[in-house]
Ligand SMILES: [Zn+2]
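Residue numbers (the numbering used here): 13 to 396.
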């Protein structure tokens, strides 16, 4: 079956993270190679990078794809030596440029800004454009530290989000799925007030992490109102993540309450990471709600090629291609941003080729859909 050739289309990576300025993996608890492997797992268990990560389909493909690119033997040791022989900036520039990136949309909430290349520098290294997105929970925690009542915090949040684009951000991002789940509710005022006081006590005791559901949900509604008014996209972490996320509560169907609100219909909702493994549910939402979009991420969640084909078929099988957008979710190491661009073009090309074969679409339409998913849809949605 003939694939649709998307190899020369520059990508808009609609969700990724910064690259750390230090690409040398010196770690006291791990050997150097094991420390590098930690970039390719969502597990925080120490035995995983030591014993198991190198046997994943993703990691094996990474080594086999990197070896010819770096001009070395196809072994893990040779690949690691070749990447470590390059200096941090050189390696980052080489991989990002080879990925042919139009724009990187960066979630600057993690890793912390002090350890990654500043956004303008990353753009310069990659020979591309880079735009930051605002992580809501980080902003909320900052404002909670400054205010002594829930209503003051709400007002400050509303003001901080008064003009998101003028503030230099192209989108908002929420990690509610990591904190308290996607079943974002409207709470009675008293419950939210109690939750606020509980948060304050926890913060005074040294834990300023916002994991207090009535409070987080209440503040999210303040943000949603602003996003809807300004038609600013809100990205939600959905599905696959580290063990900190409760995957049962990461099902995108929990977002129904938010998606059903008529006053939020101006807010584009971007469901990240193909909602893996809830891709069918995410695709369904993108098919039913005009303002729901599905992100197709080919770096993380660190899948084998067959599984990437599978989620891409599921997404394109139910959702309009005008609602699908490419990303890498690359973080920390530039290899993720790079291999994702290669795999994303290849997998999308193959699945579009199947659609042509089944006479669902013409080759010309399939090529245009490929360009839209890799680039055009994001340019329109984020007003790049
Ligand atoms: Zn991410």
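Beta carbons are placed, not taken as given, at the ideal position from N, Cα and C, and that holds for glycine.
Distance, Cα to Cα, residue i vs residue j?
i	j	result
residue 331	residue 103	37 Å
residue 98	residue 380	37 Å
residue 356	residue 195	30 Å
residue 371	residue 378	11 Å
residue 336	residue 292	13 Å
residue 368	residue 306	22 Å
residue 167	residue 177	19 Å
residue 295	residue 321	15 Å
residue 31	residue 133	10 Å
residue 273	residue 251	22 Å
residue 281	residue 146	14 Å
residue 111	residue 347	10 Å
residue 71	residue 65	7 Å
residue 144	residue 318	32 Å
residue 84	residue 94	7 Å
residue 13	residue 256	41 Å
residue 38	residue 96	11 Å
residue 354	residue 68	18 Å
residue 63	residue 163	50 Å
residue 277	residue 301	9 Å
residue 249	residue 262	8 Å
residue 329	residue 208	43 Å
residue 212	residue 203	14 Å
residue 193	residue 61	28 Å
residue 55	residue 254	6 Å
residue 393	residue 57	38 Å
residue 226	residue 338	33 Å
residue 125	residue 365	41 Å
DSSP has residue i in a bridge; who is on the other side?
i	result
residue 281	246 and 304
residue 338	308
residue 31	344
residue 117	143
residue 128	32
residue 16	In DSSP, residue 16 forms no bridge with anything.
residue 184	146 and 246
residue 23	113
residue 313	311
Enumerate in chain order the residues of its own chain whose CB-to-CB distance from residue i is below 6 Å, with the five nearest sequence positions on each side excluded.
i	result
residue 51	344 and 345
residue 139	109
residue 75	88 and 91
residue 148	184, 186 and 235
residue 289	none
residue 297	264 and 304
residue 78	91
Keeping to the same chain, check which residues put their C-beta closer than 8 Å to that of residue i; ignore five residues upstream and five downstream.
i	result
residue 141	114, 115, 116, 135 and 396
residue 279	236, 239, 240, 243, 244, 245, 246 and 303
residue 170	234, 237 and 238
residue 270	196, 236, 276 and 281
Given 7 Å as the limit, tell me if residue i has its C-beta closer than that to any heavy atom belonging to ligand 1.
i	result
residue 27	yes
residue 258	no
residue 164	no
residue 307	no
residue 34	no
residue 254	no
residue 114	no
residue 341	yes
residue 119	yes
If you drop the 5 nearest sequence neighbours on each side, which residues of the same chain put their C-beta closer than 7 Å to that of residue i?
i	result
residue 101	137
residue 352	310, 311, 340 and 342
residue 265	293
residue 327	286, 291, 295, 306, 308 and 336
residue 361	15, 16, 17, 18 and 382
residue 48	37 and 92
residue 82	91, 94 and 95
Three or more C-beta pairs below 8 Å linking the region 225-236 and the region 155-167: yes
Between the region 383-394 and the region 21-35, do at least 3 Cβ pairs fall closer than 8 Å? yes
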